[in-house]
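**Student:**
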Amino acid sequence: MRRRSPAAALAVGMLVVATALAGCESPVPFHPPGEGPADGPVVGLGGAAPYVRTRPPAATGAPDPEAPLPSPPPGGGATGGATVRPGTPPVRLYVANGPEIDVIDPVAARIVQRIGAGPATARVVPSFDLRRLWATDLAHGTLTPVGPRSGARGRAVAAAEPAGLYFTPDGRDALVLAGRARRLDVRDPRTMRPRLSVPLPCAAAHADFTPDGASLLASCGGVGRLLRVDVARRQVTGTIRLPDGARPGDLRLSPDGARFYVADPARGGVWVIAARPTVGPPGFVPTGPGARGLALDRDARRLFVVGDGTLTALDLAGGRVAARWPLPRGGSPAPGGLSADGTELWLADAAGMVYAVSTRTGRTLRQVRVGGRPAALLVHPQPGRYSLGGTGVYR
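Here the sequence shown is numbered in our numbering, starting from 63 and rising by one per residue.
#1: Suppose you measure from the CA of Thr141 to the CA of Pro348; what does that come to, to the nearest Å?
#2: Using CA coordinates, which residue listed in Phe229, Ala410 and Leu304 is at the minimum distance from Thr272?
#3: Taking the alpha carbon of Arg255 as the point to measure from, which residue in Leu205, Arg338 and Pro261 has its own alpha carbon closest?
#4: Would you call Leu258 buried or exposed, if buried means 16 or more other Cβ atoms sit within 10 Å of its Cβ?
#5: Between which two residues does the beta strand (DSSP E) harbouring Tyr456 extend?
#6: Could you name the residues of the same chain whose beta carbon sits closer than 8 angstroms to that of Gly203, not counting the 5 residues immediately before and after it, in chain order?
#7: Please identify the residue among Gly404, Leu304, Pro327 and Tyr323 whose C-alpha is closest to the C-alpha of Val334.
#8: Using 8 angstroms as the threshold, is the C-beta distance between Val441 and Gly399 below it?
#9: Looking at C-beta atoms only, is the number of pairs between the stretch 409-419 and the stretch 176-191 that lie closer than 8 angstroms three or more?
#10: Let me know if Gly284 comes out buried or exposed under the rule of 16 or more other beta-carbons within 10 Å of its beta-carbon.
#11: Please name the residue, chosen from Arg154, Arg172, Leu227 and Arg382, that lies closest to Gly433 on a Cα-to-Cα basis.
#12: Can you name, in chain order, every residue of its own chain whose Cβ lies under 8 angstroms from the Cβ of Ala240, other than the five neighbours on each side?
#13: To the nearest angstrom, how far is the alpha carbon of Ala280 from that of Ala336?
#14: Look up Ala280 in the DSSP assignment and give the residues it is bridged to.
#15: If distances are taken between C-alpha atoms only, which option among Ala182, Glu162, Val169 and Pro344 comes closest to Gln175?
#16: Can you find a C-beta in chain C that's less than 8 angstroms from the C-beta of Val432?
#17: Of all the options Ala385, Leu407, Pro305 and Asp361, which has the alpha carbon lying nearest to the alpha carbon of Pro395?
#18: Starting from Ser259 and walking both ways along the beta strand (DSSP E), at which residues does that stretch end?
#19: When DSSP labels each residue in this structure, what does Gly203 get in the three-state scheme?
#20: Within this structure, are the beta carbons of Arg287 and Leu304 separated by less than 8 angstroms?
#21: Am I right that Thr299 and Val291 are in contact with their C-beta atoms under 8 angstroms? What's the rounded C-beta distance?
#22: Let me know the secondary structure DSSP gives Gly398 once reduced to three states.
#23: Please list, in chain order, all residues of the same chain as Arg391 whose beta carbon is under 7 angstroms from its beta carbon, the five residues on each side excluded.
#24: Gly330 and Gly350: beta carbons closer than 8 angstroms?
#25: Would you mind reading off the limits of the beta strand (DSSP E) that contains Val368?
#26: Quick one, are the C-beta atoms of Gly160 and Arg435 less than 8 angstroms apart?
#27: Where do the ends of the beta strand (DSSP E) carrying Val416 lie?
#28: Tell me the rounded alpha-carbon separation between Pro443 and Gly209.
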């Protein structure tokens, strides 16, 4: 049996940094998902996925980790709005909840499957080619592949404290931020076999790519720094030191590829960092205490910031708070992503509840009690051609 255990203007007109970050002018657009076989990629067109209530066998029938990746798409850029093509298999919510992943039908608002994925699953990350999901376990240092359709899981792969899992925009490498080990592990994106490690000056946990995909910007919350890692050269090429007391966490590249937004729960707001070569300090927008997680709106006009008991909508064009709503259950839930039409933002509350709030009004639209202590949530599939990892970062 399973155990259930005030608005503020932008501080600086054009927000920039002293280090040069490479950029490009046009973001990569979203494309409708393509066709695919039954168990991969998950965004393939077809009938409803066979989700069931029963738990699959512990380590059998897993998706083939050697299955070939598709040809790499052309290089980087920022995300943008899109819709999912009619006929795509239904979206599911994957909730990392202790030893299991709770799979939820968001329309029916009920659990349709539970997958045994490891003793302490902390996050669920879609693979680059969308063929499988990776369940990360920080406590025990493992990465476990899971079939999003069948729910079958493969053999766990050892990985030292996988605080963040990402994929290069060309699909050639998986990048694992190895927390307190202070390194970036480069791995095979299919098998997760280690290739090499890049030492880091601090423990990083969150990241996103520069517009051209050449570098990774990662945050080290414990020391108030951001690191730029050159992906091809396999080395740290820049450090951004934020003001004293800063604790950078979750970060996102803006839809136009011009800026990075970095959540800071200690300062209670979002740092704004230029993604193109210029000189100047980072800007800051107060959004409320405990700014923890970020999610971009489908129309690329707002950034949602999840804080302690509040959800803040930041207007990206004006650089100001457009709305702030109280969250129904207080706390600081983990954001999992938006519905395909962008009207709902799904959140996971550690008190054992998963719920959706309206992106127009902040009102609770639906909720599902899962019990336990859910640590993270993934809405999958999303519009996009491929995944860069993290909490559903697609391009």
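Don't be surprised by glycine CBs; every beta carbon is placed ideally from N, CA and C.
**Tutor:** Well, looking at it:
#1: Its pLDDT being 41, under 50, Thr141 is placed unreliably by the model, and the measurement read from it follows with that caveat. Cα-Cα distance, rounded: 24 angstroms.
#2: Nearest to Thr272 by C-alpha distance, out of Phe229, Ala410 and Leu304, is Phe229.
#3: Answer by Cα proximity: Leu205.
#4: Under this definition Leu258 is an exposed residue.
#5: It is not in any beta strand (DSSP E) - Tyr456 carries neither H nor E in the DSSP assignment.
#6: In chain order, Ala220, Ala221, Ala222, Glu223 and Pro224 place their CB closer than 8 angstroms to the CB of Gly203, counting only its own chain and leaving out the 5 sequence neighbours on each side.
#7: Taking only the C-alpha atoms, the option nearest Val334 is Tyr323.
#8: It is a contact, given that the beta carbons lie within the stated cut-off.
#9: Result no; under three Cβ-Cβ pairs closer than 8 angstroms.
#10: Looking at its Cβ environment, which holds fewer than 16 other Cβ atoms inside 10 Å, Gly284 is exposed.
#11: Checked all of Arg154, Arg172, Leu227 and Arg382; the closest Cα to Gly433 is Arg172.
#12: These residues qualify, in order along the chain: Ala221, Ala222, Glu223, Pro224, Ala225, Leu246, Asp247 and Ser259.
#13: Going by the C-alpha atoms only, they are around 14 angstroms apart.
#14: Bridge partners of Ala280: Ala269 and Leu289.
#15: The option with the nearest alpha carbon to Gln175 is Glu162.
#16: Reference to chain C is not applicable here, since this structure consists of a single protein chain.
#17: Per the C-alpha coordinates, the member of Ala385, Leu407, Pro305 and Asp361 positioned closest to Pro395 is Leu407.
#18: From DSSP, the beta strand (DSSP E) with Ser259 extends over Pro256 to Pro261.
#19: Coil.
#20: Going by beta carbons, Arg287 and Leu304 fall inside the 8 angstroms limit.
#21: The beta carbons of Thr299 and Val291 sit about 7 angstroms from each other, so the pair counts as a contact at 8 angstroms.
#22: When DSSP states are grouped into helix, strand and coil, Gly398 belongs to the strand group.
#23: Exclusion of the five residues before and after Arg391 leaves Asp411, Ala413 and Met415 as the residues of its chain whose Cβ lies within less than 7 angstroms of its Cβ.
#24: The answer is yes: Cβ separation under 8 angstroms.
#25: Val368: member of the beta strand (DSSP E) spanning Arg364 to Val368, first to last residue.
#26: Yes, Cβ-Cβ distance for Gly160 and Arg435 is below 8 angstroms.
#27: Following the DSSP letters along the chain, one finds Val416 inside the beta strand (DSSP E) bounded by residues Met415 to Ser420.
#28: Each residue's Cα considered, the two are about 13 angstroms apart.
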